[in-house]
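Chains as they are written, first to last, in this note's numbering: chain A, 26 to 180; chain B, 3 to 727.
Backbone N, C-alpha and C define an ideal beta-carbon position, used for all residues, glycine too.
Take a look at the structure set out below.
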Amino acid sequence: MNYTIKINGVSRTVDVDGDMPLLWVLRDELDLKGSKFGCGAGLCGACTVHLDGVAVRGCQTPISSVGTASVSTIEGMTADPVGRRLQEAWLALDVPQCGYCQAGQIMSATALLRRTPRPNDGDIDAAMTGNVCRCCSYTRIRAAIKMAAGSGEKS
Amino acid sequence: MTASRRTFLKVSAAAGGALMLRATLPGAVRAEAPAEPLTAFVRIAPDGVVTILSKNPEIGQGIRTMLPMVIAEELDVAWSQVRIEQAPLDEAKFGRQFAGGSQATPMNYDPLRRVGAAGRQMLVTAAAARWGVPAAECRTEAGVVFHDRTARNLGYGALASDASKLPVPDLARIVLKDPRTFKIIGQPIHGVENPKIVTGQKLFGIDTVVPGMVHAVFQKCPVFGGKVVSANVDTIKKLSGIHDAFIVRGHQGADRQSLTDGVAILAKSWWVANRARDKLEIVWDEGAATSQSSKGFAEKAASLAQGSPASWLRRDGDAQGALKDAAHVVAAAYSYPFLPHIDLEPQNCTAHFQNGKVELWAPTQNPGPGQKLVAATLGIPESDVTVNMTRIGGGFGRRLRNDFMVEAAAISRRAGVPVKLVWNRADDMRHDFYRPAGFHFLKGGLDDKGVLTALSDHFVTFGQGGKLADAAQMEATEFPAALVPNLAFGQSVMELGVPTGPLRAPRSNALAFVFQSFIDELAHKGGRDPVEFRLAILGEPKVLPGGNGRGFDTGRMSAVLRKVAEVSDWANRDSLPARTAKGVAFYFSHFGYFAEVVQTTVSAQGEIKLDHVWVVGDVGSQIINPSGAENQVQGAALDGLGAALGQGITIERGRVVEANFDTVRPLRIDQVPAVEVHFLITDHPPTGLGEPALPPVIPALCNAIFAATGKRIRGLPIDTELLKV
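Shown next, in the form of structure tokens:
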């Protein structure tokens, strides 16, 4: 059936089954490839997107459950002040190795900084532990979050 | 400033200075000016923009940035002038194009410097001819040729057309820069695709879109080598959204990385295709491997260890006799499990077969053999197989095998449309080429002064079809061979039905755990400091055979070991609180010398907290990209810790039990300690960094756990039950 959802501020309509996960609507129906498929079970965070600013796993979010919530993806983060600061910090610290997980990492970090603008290490652990980086670029991920938060000097 | 930044600058300083090149978010795409091919690797446009082709696949090791840096340095251009393109697969033109074995630096550093220098020489020759002056009077800087005497200069863009008509000079005789004048090599240059990565642009194999393509899944037998007897494909075809479903037959006589039996399901969306597997009913002929299990292998290995080894890898002196005479003897059985690669981007490939030819978009570490395998399996000429190399979401050795390429090609041919095949996580975990498990039955003897006099190992490993399974070998040169007077390495083999292959630092990732843990046991038995005991075994600097032909230099190893003891404050480790301790280990692999110290705190409940890791490496005279180098080394050390703490594959009835990240657990951010990286710069050719930092971290952790708890870890992954008070 038809679902109309708001993605990065733009309304899009797709004709899919209601239980199709948002991740696959984004990737295969709307050609937004930034959100990544990693595990299909909510265990790796590569598919992290925002619903009304809250980080969720796109692979565990049926399209029928989205309703009127605003969906944000990595493709929308350059226009988001917090997301953009994080992208710039990621570049400044040369965070990625393979890069496959980094969209999900930035989405989780953006949700964190909106909620907790000056996170401590415990806040970062709690918000980011669902996001796997198989290359283990975690040291730079943590440093980039602190840089974007302006709390790097205090750590 | 964070710990990470401090380390970063330390690394930069070690390589001689720091120039931060600021990356920018992608803006408007500039129109590309027409360009002249200068050599196979370099194009220079009239506006001076230099396009450098990067020959090898990018798996996160930073090669797409690093290899062009080497060319750009000798070409003598500014990095800001450089644009980078992935080279097409053409090994006749570019040499071997693969990502593996930490080989890119040793194989390409010198040749690509010569490529860059040749381009520079051609541009200088063109300028000198234009001006009618001797080439020797010209100099270059940042993409401009200067003739100082007549105060003339010309940018490379203005010279490219003339230069491209010149013959390429003899690469063997080309003059290279003095490394002290390097402006790009040795600087922390950031990943050239980072702007695309952080903005979510299409980049990886799984992001490929080909007009008219359909999405595919491929269900193989859960038992390795199983065959399809029948499947309800007619039912599947009737499901909503399904484009097609059919049985694919394995390629007769093919090896394990070629096509195996399975059922393909094709749909408009991958999720629809994957969901249809719930309704798929396949009758399998599971074959002979169903009798195999991890438990059975362990029992068989223990039984084989009761007897003599089937063969000897090495026998020096009289190990048995010396063990009898030893003042102290330690006997221990070590084992490690099968390991998966868990690339975060699941195996995938897009293929378009038409008119007898196939084009592939493949995240492969090894495109050349992939091309050959597809050609052989489909029965078409290699020249009719085009491979486009995509960025790769993690390799770790898994993508040296090209089974996913063959599957996509075969499915596209049968379906008659372009096909994007994507495995789900269970496919990926259950159809891997695993790091082989292994079993070691060790004895070591010390004299009354704590000097190592004898060591023996009965290695029980795996074979397939009359030879050792892939990556299941141990070299006769394994440390401490040639450094102990009485030493015996014996080997027995069990037949294996499970596919195996290289995983980051193959063999070394397991053998380092065994030998560097056992050496630690011996040090403690003899009442010796584990660093001092190792230094004593390494002895006076000498080069021993082994190490892929370059030899194992005990002096270089002693130097990194001494340095890691210094930076980790090893001497004061007794001042740490109860159940907090440091452990040390070293290992030589992929030409790299690494010594590492791990500090851990083990709770009364047995929980392991990683406090700090110190890494000291010697990979020769030049750290080409200090930013990438630090990222690789930190990643490799953490990768090893993650495997030791939470990863292992269990075989039952010939199939893999684990299917996802709940049971094979990747390291997560809340487990990550500070990882401090130091390089010793030595007068040796530069070598690679993708792998050699991984092996020693596992025994360093296990040795720290022993020091903290008195419990010796002899099996992986670490069983925290053993560590409870």
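Determine which residues share a DSSP beta bridge with B:D531 and list them.
Partner(s): none; B:D531 has no beta bridge.
If you check the beta carbons only, do B:S494 and B:Y336 fall under 8 Å apart?
no
Can you look up A:S89 in the DSSP assignment and give me helix, strand or coil?
helix
Within 10 angstroms of the Cβ of B:T41, are there 16 or more other Cβ atoms? Answer buried if so, exposed if not.
The C-beta of B:T41 has 16 or more other C-beta atoms within 10 Å across all chains shown, which makes the residue buried.
Apply the 10 Å Cβ neighbour rule to A:D146 and answer buried if 16 or more other Cβ atoms are within range, or exposed otherwise.
So A:D146 counts as exposed.
Strictly below 7 Å CB to CB, what residues from chain A border B:I394?
C123
Meets three-Cβ-pair contact criterion under 8 Å: the segment 77-90 of chain B and the segment 113-131 of chain B:
yes
Quick check on the DSSP output: what are the complete alpha helix (DSSP H) runs of length 4 or more inside the segment 499-527 of chain B, in order along the chain?
510-527
Distance, B:Y338 Cα to B:G717 Cα:
6 Å
So that I know if they touch, is there some Cβ in chain A lying closer than 8 Å to that of B:L703?
no
Suppose you measure from the CA of B:Q673 to the CA of A:C84; what does that come to, to the nearest Å?
25 Å
Flag this pair as yes or no: are the beta carbons of B:Q83 and B:G50 separated by less than 8 Å?
yes
Grab the span of the beta strand (DSSP E) containing B:N633 for me, first residue to last.
Note, B:N633: premise wrong, no beta strand (DSSP E); alpha helix (DSSP H) at 628-648.
Which partner residues of B:W363 appear in the DSSP bridge assignment?
The partner list for B:W363 (beta bridge, DSSP) reads B:T352, B:N390.
What is the rounded straight-line gap between the Cα of B:M215 and the Cα of A:C72?
Our two residues, B:M215 and A:C72, have alpha carbons roughly 23 Å apart in a direct line.
With 8 Å set as the bound, which would you pick, yes or no: does the beta-carbon of A:V157 sit closer than that to a beta-carbon of chain B?
yes
Thinking C-alpha only, which one of B:V677, B:E609, B:G656, B:E283 is nearest B:D641?
B:V677
Using a Cβ-Cβ cutoff of less than 6 Å, which residues in the same chain neighbour B:K12 once the five nearest sequence positions on both sides are dropped?
Unreliable positioning characterises B:K12 in this predicted model, as indicated by a pLDDT of 28, which lies under 50. The coordinate reading is nonetheless provided below. Excluding positions up to five away in sequence, the list is empty.
Would you be able to state if there are at least three C-beta pairs under 8 Å between the segment 300-319 of chain B and the segment 369-386 of chain B?
no
Please report the distance separating the alpha-carbon of A:V96 from that of A:Y28.
13 Å
Specify the secondary structure class of B:I715 as computed by DSSP and reduced to three states.
coil
Restricting to Cα atoms, I'd like to know which of B:V699, B:D92, B:T722, B:A709 is closest to B:E384.
Answer by Cα proximity: B:D92.
Where do the ends of the alpha helix (DSSP H) carrying B:N494 lie?
Per the sequence shown, the amino acid found at residue 494 of chain B is Ser instead of Asn. Looking at the DSSP string, B:S494 is not in any alpha helix (DSSP H); the run it does join, the beta strand (DSSP E), is 488-497.
Measure from the C-beta of B:K281 to each C-beta in chain A and report whether the shortest distance is under 8 Å.
no
Nearest-angstrom Cα distance between A:I30 and A:I99?
16 Å
For the segment 342-362 of chain B, which residues have a beta carbon sitting closer than 8 Å to at least one beta carbon of chain A?
I344, D345, L346, E347, P348
Compare the C-beta of B:D641 against all C-beta atoms of chain A and say whether one is closer than 8 Å.
yes
Below 9 Å between beta carbons is the criterion; list the residues of the segment 180-209 of chain B that meet it against any residue of chain A, in chain order.
P190, I191, H192, G193, E195, N196, P197, K198, I199, V200, T201, G202, Q203, K204, L205, F206, I208, D209
Considering only DSSP beta bridges, list what B:T602 is partnered with.
Beta-bridge pairing links B:T602 to B:A583, B:L612.
Given B:Q349, which residues of its chain have a CB within under 6 Å of its CB, disregarding the five upstream and five downstream residues?
F406, W425, D430
The segment 565-583 of chain B touching the segment 591-607 of chain B, judged by at least three CB pairs closer than 8 Å:
yes
Smallest Cα separation from B:T392: which of A:C161, A:D150, A:D44, A:C123?
A:C123
Test: B:D429 CB closer than 8 Å to a CB of chain A
no
What does DSSP give as the partner residues of B:A597 in its beta bridges?
B:F588, B:V618
Using a Cβ cut-off of 7 Å, which residues of the segment 649-668 of chain B contact any Cβ in chain A, in chain order?
N662, F663, D664, P668
Take B:I1 and list the residues in its own chain whose beta-carbon comes closer than 8 Å to its own, dropping the five residues that flank it on each side.
Only positions 3 to 727 of chain B appear in the structure, and residue 1 of chain B is not among them; the question remains open.
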